[in-house]
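Asker: One structure is given below, represented as structure tokens, and several questions about it will come after.
Number of protein chains: 2
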Amino acid sequence: MVENLDYIDLKYRPSKNDVIVEFFIEPNKITLEKACQHVAAESSIGTWTTISTMTPEIARKLKPHVFSINKNSGEVKIAYPQDLFEQGNMSNIFSSIGGNIFGMSSVNNIRLQDMQLTKKLIKSFQGPRFGVNGVRKITRIKKRPLVGTIVKPKVGLSPEQHAKVAYAAWMGGCDVVKDDENLASMTFNKFEDRIRTTLDLRDKAEKETGEKKIYMPNISAETATMVKRAEFVKAYGGEYIMVDILTVGWSALQSIRDMEHEMVIHAHRAGHAAFTRNPKHGISMLTIAKAARLCGVDQLHIGAIVGKMEGSAEEVVSMGEEIEQQLVHPKKSAHMLEQEWYNVKPVLAVCSGGLHPGRVDKLMKYMGNNIVIQMGGGIHGHPDGTVAGAAAARQSVEAIMKRKSLRDYAKTHIELYKALAKWGN
Amino acid sequence: MVENLDYIDLKYRPSKNDVIVEFFIEPNKITLEKACQHVAAESSIGTWTTISTMTPEIARKLKPHVFSINKNSGEVKIAYPQDLFEQGNMSNIFSSIGGNIFGMSSVNNIRLQDMQLTKKLIKSFQGPRFGVNGVRKITRIKKRPLVGTIVKPKVGLSPEQHAKVAYAAWMGGCDVVKDDENLASMTFNKFEDRIRTTLDLRDKAEKETGEKKIYMPNISAETATMVKRAEFVKAYGGEYIMVDILTVGWSALQSIRDMEHEMVIHAHRAGHAAFTRNPKHGISMLTIAKAARLCGVDQLHIGAIVGKMEGSAEEVVSMGEEIEQQLVHPKKSAHMLEQEWYNVKPVLAVCSGGLHPGRVDKLMKYMGNNIVIQMGGGIHGHPDGTVAGAAAARQSVEAIMKRKSLRDYAKTHIELYKALAKWGN
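Top to bottom, those sequences are chains A and B. If you read the first sequence in the working numbering, its first letter stands for residue 87, the second for the next number, and so on. If you read the second sequence in the working numbering, its first letter stands for residue 87, the second for the next number, and so on.
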């Protein structure tokens with residue numbers, strides 16, 4: 087029997103074959119060191135008692151090393167041999183380093199802050215098929231942010247009404263229009279009917295505006311149903327699908343990316359804040375964003391900074407860097423580890439949630455041009471309706487691209503003027 | 087434009103077509119009533135501002151009603167028309183009532199405590215194929231709890247070593263043996279090799295003991311890979327598969343239940359405590375357990391009460407009732423709503439996490455006989471090894487079934503005696 091495996095080795099220097107994980111750990115009635123031992127054991131090869139089936143050989147090959155412990159902040163870093171994880175299996179990564187540890191009674195709080203993956207693991211996932219450049223090619227928008235909306239009300243419109251709202255948004259100036267996350271195939275709005283009516287009006291809007299227009303229908307459902315829905319969209323001339331990645335889950339997301347049909351995946355993240363919001367417990371949204379990039383989403387909601395949802399500027403900006411860069415530098419204050427992304431394409435960041443034209447200047451100052459700016463209420467709530475709302479949204483982006491202030495630009499753009507009058511700037 | 091939809095109606099009496107959801111809500115700098123309005127809107131048909139596309143017709147048909155607000159406790163009940171949800175689509179239910187609301191800046195904390203589903207929605211899901219009776223038929227165990235173990239160490243054994251540990255556990259007295267949640271298809275232990283070696287030794291153990299023995303291999307991975315792995319297990323004579331339901335996600339779980347192969351689904355819940363643990367925020371494990379029963383797991387981990395994981399006795403006992411009864415009575419202290427389960431089969435509760443033979447008496451007092459008692463370290467950590475550990479575990483269950491105390495029974499059962507000597511009682 088191998089007695090009392092010691093996982094702590096502050097002199098250990100991680101190798102290129104180690105996955106490095108940063109945790110915040112708040113122990114429960116034991117020392118932080120003791121809690122680190124429990125966490126390292128439970129997330130790898132150990133359990134709560136010495137066992138007869140452990141061998142020195144296994145310990146030597148697969149034991150993780152706790153190599154950094156900050157007693158003041160509770161920040162802990164653990165290096166896991168990459169062979170502890172199955173390649174290309176996201177469920178397995180979370181079951182290991184983001185699984186049982188959250189329920190251990192030896193910790194009061196524990197948070198998975200970031201994971202630095204090895205080259206072998208990074209390359210074992212598919213990553214985005216299109217990414218930022220692919221999306222810009224399809225939409226023919228070279229530099230500016232994409233302007234998008236969500237059909238509102240979230241749920242309740244018939245397929246015809248839905249298509250009309252989308253059409254109005256495209257005609258006003260939106261590039262992309264998406265379903266809301268709780269709109270699936272409803273009794274009053276069947277998925278297939280919605281696709282037909284909405285893509286028909288997309289074709290019309292493209293003809294009338296001369297611009298490329300995108301519809302992002304929510305296919306979230308049981309896996310095979312999702313694939314069928316994606317095929318239906320493809321057959322009807324759509325290029326995009328939207329997936330609510332956390333409520334469908336990692337395995338289904340990987341299956342959607344595995345489909346032979348070449349479709350752009352727009353990722354919504356409903357439910358993330360159930361476990362990302364508490365700064366002391368759960369999983370950081372940064373970790374979720376990395377996992378989403380690995381699994382291969384092309385666009386990902388990361389927050390709006392200036393909208394209706396929580397999420398600090400630093401958090402959202404860091405996430406934007408993580409999903410769009412090839413070599414991410416470590417940032418201590420954001421609990422962000424270094425990460426080389428090798429040949430994994432960058433993901434286009436989507437900013438959404440309580441945005442309106444009057445907030446676009448601040449948003450773009452934080453996030454730059456490589457984003458989708460989505461407004462739901464901020465477009466359909468315009469005093470003159472959806473067309474005017476979409477025009478105001480597009481004008482707000484134009485203003486910033488022309489380095490003009492929103493207020494100045496509003497002087498000659500009535501839709502933007504009315505939006506600022508309703509919601510401020 | 088429909089101005090300021092009012093979602094609060096304390097006189098409203100929910101109909102049989104309403105889904106009732108209990109939330110805990112802690113508002114952020116606004117009144118609880120105002121926060122309720124935001125939550126009801128965001129989880130159904132509304133958004134943060136008045137919009138031009140809302141109609142009185144949609145509001146009349148689909149508006150949810152906040153019909154109960156407890157200002158002291160923050161307990162809120164909302165009735166949602168069932169047409170807000172797609173039938174048989176678990177992702178859609180969570181995207182609606184367990185989605186964006188967690189990230190709203192108008193609440194500090196919000197927790198989804200329970201959901202009472204309608205007959206139509208309940209019947210739209212498949213539920214367990216086998217359930218408690220099906221498992222008892224397969225295992226030929228009529229009354230007592232099933233005794234199980236997890237192969238330990240969690241990860242690191244070769245397929246041959248793995249099979250030998252499983253064999254030892256079966257020979258000692260275990261009925262079921264499962265993979266640990268972080269064991270997938272590893273470089274040193276390929277899934278297919280493990281299935282072959284372990285099911286071969288299962289056949290041997292069955293012949294030698296005359297008892298039915300079960301192996302529950304972890305198939306958690308991308309959906310199509312999971313289906314292939316399940317088929318492999320089936321082809322090799324296995325009846326069970328294990329799925330880590332939260333890290334694979336709801337859509338893949340539904341797909342696995344949809345498979346034509348008739349296999350018992352053992353559900354692990356790694357990662358749940360990232361969002362179930364904080365009593366003020368996230369989603370209750372009770373809600374997750376209901377969703378798992380609907381999706382059709384046959385066995386579900388719900389906690390051990392007396393083990394290494396957090397989870398109060400009341401919470402675990404209530405969950406046991408929820409997954410095993412056909413008509414669940416409301417229990418205010420456990421935030422449990424009434425629920426009729428119609429023809430959905432009951433799920434066998436699995437108690438696991440830091441258990442050893444000395445804790446079996448207390449556990450069975452709480453949970454009764456309709457459970458799987460799983461011990462990992464509590465079996466392989468036995469001073470005389472796995473066979474003796476499994477024998478001790480089985481003896482502890484025998485003792486309680488014979489209404490004897492563990493200490494008394496240990497006087498004539500050396501394996502149990504040594505287990506109690508190591509871990510206490």
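All residues carry an ideal CB built from backbone N, CA and C; glycine is no exception.
Count the other C-beta atoms from every protein chain shown that fall within 10 angstroms of the C-beta of L96 (chain B), then say buried if there are 16 or more, exposed otherwise.
Answerer: Your numbering for residue 96 (chain B) matches position 10 in the second sequence. Result: exposed.
Asker: Going by alpha carbons, who is nearest to G439 (chain B) out of B:N304, B:H387, B:Q173, B:Y428?
Answerer: For the purposes of this step, residue 439 (chain B) is taken as residue 353 along the second sequence, with counting starting at 1. Checked all of B:N304, B:H387, B:Q173, B:Y428; the closest Cα to G439 (chain B) is B:H387.
Asker: Listing by chain order, which chain A residues have their CB less than 8 Å from the CB of D289 (chain B)?
Answerer: Numbered from 1 along the second sequence, position 203 holds the residue referred to as residue 289 (chain B). Within 8 Å Cβ-Cβ: nothing; D289 (chain B) doesn't reach chain A, min ~22 Å.
Asker: Any idea what DSSP makes of G471 (chain B), helix, strand or coil?
Answerer: As a position in the second sequence, residue 471 (chain B) is number 385, starting the count at 1. Of the three classes helix, strand and coil, the one that applies to G471 (chain B) here is coil, per DSSP.
Asker: Between D266 (chain A) and A126 (chain A), what straight-line distance do the alpha-carbon atoms span, to the nearest angstrom?
Answerer: Translated into the one-based positions of the first sequence, residue 266 (chain A) becomes position 180. Translated into the one-based positions of the first sequence, residue 126 (chain A) becomes position 40. Distance between the alpha carbons of D266 (chain A) and A126 (chain A): 40 Å.
Asker: Between which two residues does the alpha helix (DSSP H) carrying P142 (chain B) extend?
Answerer: As a first step, residue 142 (chain B) is located in the second sequence; it is residue number 56 there, counting from the start. It spans 142-148 - the alpha helix (DSSP H) in which P142 (chain B) sits, taken as one unbroken run.
Asker: Tell me, please, whether the CB atom of C260 (chain B) is closer than 8 Å to any CB atom in chain A?
Answerer: Within the second sequence, numbered from 1, the residue matching residue 260 (chain B) stands at position 174. C260 (chain B) does not count as touching chain A.
Asker: Pull up the distance between the alpha-carbon of M87 (chain A) and that of Y503 (chain B), whole angstroms please.
Answerer: Locating residue 87 (chain A) in the first sequence gives position 1, counting from the first residue. Locating residue 503 (chain B) in the second sequence gives position 417, counting from the first residue. Here M87 (chain A) scores only 49 on pLDDT, less than 50, and its place in the model is too uncertain to base an answer on.
Asker: Would you mind reading off the limits of the alpha helix (DSSP H) that contains T77 (chain B)?
Answerer: One cannot answer for residue 77 (chain B) here, as it falls past the ends of chain B, which runs 87 to 511.
Asker: If you drop the 5 nearest sequence neighbours on each side, which residues of the same chain put their C-beta closer than 8 Å to that of R222 (chain B)?
Answerer: Position 136 of the second sequence, counting from 1, holds the residue named residue 222 (chain B). Here the set comprises K228.
Asker: Any C-beta of chain A sitting closer than 8 Å to the C-beta of P239 (chain B)?
Answerer: By 1-based counting over the second sequence, the position of residue 239 (chain B) is 153. Yes - at least one Cβ of chain A is within 8 Å of the one on P239 (chain B).
Asker: What first and last residue would you give for the alpha helix (DSSP H) that runs through R315 (chain B)?
Answerer: In the second sequence, residue 315 (chain B) corresponds to position 229, counting from 1. Unbroken alpha helix (DSSP H) run through R315 (chain B): 309-321.
Asker: Which whole-angstrom value describes the C-beta separation of V319 (chain B) and I281 (chain B), a residue pair presumed to lie in contact below a C-beta threshold of 8 Å?
Answerer: Position 233 of the second sequence, counted from the first residue, corresponds to residue 319 (chain B). Position 195 of the second sequence, counted from the first residue, corresponds to residue 281 (chain B). Between I281 (chain B) and V319 (chain B) the Cβ distance is about 6 Å, and since that is below 8 Å, they are a contact.
Asker: Any C-beta of chain B within less than 7 Å: which residues of the region 309-335 of chain A qualify?
Answerer: Listed by position along the chain: T309, A310, M312, D330, T333, V334, G335.
Asker: Using C-beta distances below 7 Å, list every residue in its chain close to Y301 (chain A), excluding the 5 sequence neighbours before and after it, in chain order.
Answerer: Residue numbering aside, residue 301 (chain A) sits at position 215 when the first sequence is read from its first letter. For Y301 (chain A), where only same-chain residues beyond five positions count, the Cβ hits under 7 Å are A252, V263, T284, L285, R288, G324, Y326.
Asker: Quick test of the definition: if touching needs 3 or more C-beta pairs under 8 Å, does the region 224-238 of chain B touch the region 436-456 of chain B?
Answerer: Counting Cβ pairs under 8 Å, three or more are found: they touch.
Asker: Could you pull out every unbroken alpha helix (DSSP H) segment of at least 4 residues lying fully inside the region 328-358 of chain A, listed in chain order?
Answerer: Within the region 328-358 of chain A, the complete alpha helix (DSSP H) runs of at least 4 residues are 331-334, 336-344.
Asker: Looking only at its own chain, which residues have a Cβ that is under 7 Å from the Cβ of H442 (chain A), when we skip the five neighbours before and after it?
Answerer: Here residue 442 (chain A) is taken as the residue at index 356 of the first sequence, counted from 1. Here the set comprises M461, G464, A505, W509.
Asker: What does the alpha-carbon distance come out to for the pair R514 (chain A) and M395 (chain A)?
Answerer: The question about residue 514 (chain A) has no answer, for chain A in this structure spans 87 to 511.
Asker: Which of the three DSSP states is assigned to E248 (chain B) in this structure?
Answerer: Start at 1 with the first residue of the second sequence, and residue 248 (chain B) comes out as number 162. Contrary to the premise, residue 248 (chain B) reads as His rather than Glu in this sequence. H248 (chain B) falls in the helix class under three-state DSSP.
Asker: So, does the region 185-204 of chain B touch the region 100-111 of chain B, judging by three or more C-beta pairs under 8 Å?
Answerer: Cβ pair count under 8 Å is three or more, so yes.
Asker: So, using beta-carbon positions, are R343 (chain B) and G382 (chain B) closer together than 8 Å?
Answerer: One-based indexing of the second sequence puts residue 343 (chain B) at position 257. One-based indexing of the second sequence puts residue 382 (chain B) at position 296. It is a contact, given that the beta carbons lie within the stated cut-off.
Asker: Kindly confirm or deny that the region 352-363 of chain B and the region 373-382 of chain B touch, where touching means at least three C-beta pairs closer than 8 Å.
Answerer: Verdict: yes, contact present.
Asker: Considering only residues of the same chain and omitting the five flanking positions on each side of S177 (chain A), which have a CB-CB separation below 6 Å?
Answerer: As a first step, residue 177 (chain A) is located in the first sequence; it is residue number 91 there, counting from the start. These residues qualify, in order along the chain: W336, S337.
Asker: To which residues of the same chain is I486 (chain A) closer than 7 Å at the C-beta, ignoring the five residues directly before and after it?
Answerer: What you label residue 486 (chain A) is simply residue 400 of the first sequence in a count that begins at 1. So the qualifying residues of the chain are V446, D447, M450.
Asker: With a threshold of 8 Å, are at least 3 pairs of Cβ atoms found where one atom belongs to the region 112-131 of chain A and the other to the region 180-192 of chain A?
Answerer: Short answer: they touch.
Asker: Does any residue of chain A have a CB that is nearer than 8 Å to the CB of Q340 (chain B)?
Answerer: The count along the second sequence starts at 1 and reaches residue 340 (chain B) at position 254. Interface residue, yes.
Asker: Could you tell me which chain B residues have their CB closer than 7 Å to the CB of I369 (chain A), listed as they occur along the chain?
Answerer: Along the first sequence, one-based indexing puts residue 369 (chain A) at 283. Result: A360.
Asker: Counting Cβ pairs closer than 8 Å, one from the region 112-120 of chain B and one from the region 153-164 of chain B, do we hit at least three?
Answerer: The region 112-120 of chain B, when compared against the region 153-164 of chain B, does touch it at the 8 Å Cβ threshold.
Asker: Using a C-beta cutoff of 8 Å, does G234 (chain A) count as contacting chain B?
Answerer: On the first sequence, position 148 is the one that residue 234 (chain A) refers to. Chain B, which has no Cβ nearer than 8 Å to the Cβ of G234 (chain A), makes this no.
Asker: Less than 8 Å separating the beta-carbons of M272 (chain A) and N304 (chain A)?
Answerer: Against the first sequence, residue 272 (chain A) aligns to sequence position 186. Against the first sequence, residue 304 (chain A) aligns to sequence position 218. No, they are not a contact pair.
Asker: Residue range of the beta strand (DSSP E) that F110 (chain B) falls in?
Answerer: What you label residue 110 (chain B) is simply residue 24 of the second sequence in a count that begins at 1. F110 (chain B) -> beta strand (DSSP E) spans 104-113.
Asker: Excluding sequence positions up to five away, which residues of its chain have a Cβ less than 8 Å from the Cβ of M190 (chain B)?
Answerer: Position 104 of the second sequence, counted from the start, is the residue given in the question as residue 190 (chain B). Excluding positions up to five away in sequence, the list reads H124, V125, E128, I196.
Asker: Any contact of the region 163-175 of chain A with the region 343-353 of chain B, i.e. 3+ C-beta pairs under 8 Å?
Answerer: No: the two stretches stay apart, fewer than three of their Cβ pairs being nearer than 8 Å.
Asker: Check each residue of the region 159-173 of chain A: if its Cβ is closer than 7 Å to any Cβ of chain B, include it; give the result in chain order.
Answerer: Under the 7 Å Cβ criterion, the region 159-173 of chain A contributes D169, L170, E172.
Asker: Leaving aside the five residues before and after P416 (chain A) along the sequence, list all residues of the same chain whose C-beta is less than 7 Å from its C-beta, in chain order.
Answerer: Here residue 416 (chain A) refers to the residue found at position 330 when the first sequence is read from its first residue. Correct list, in chain order: M422, L423, E424.
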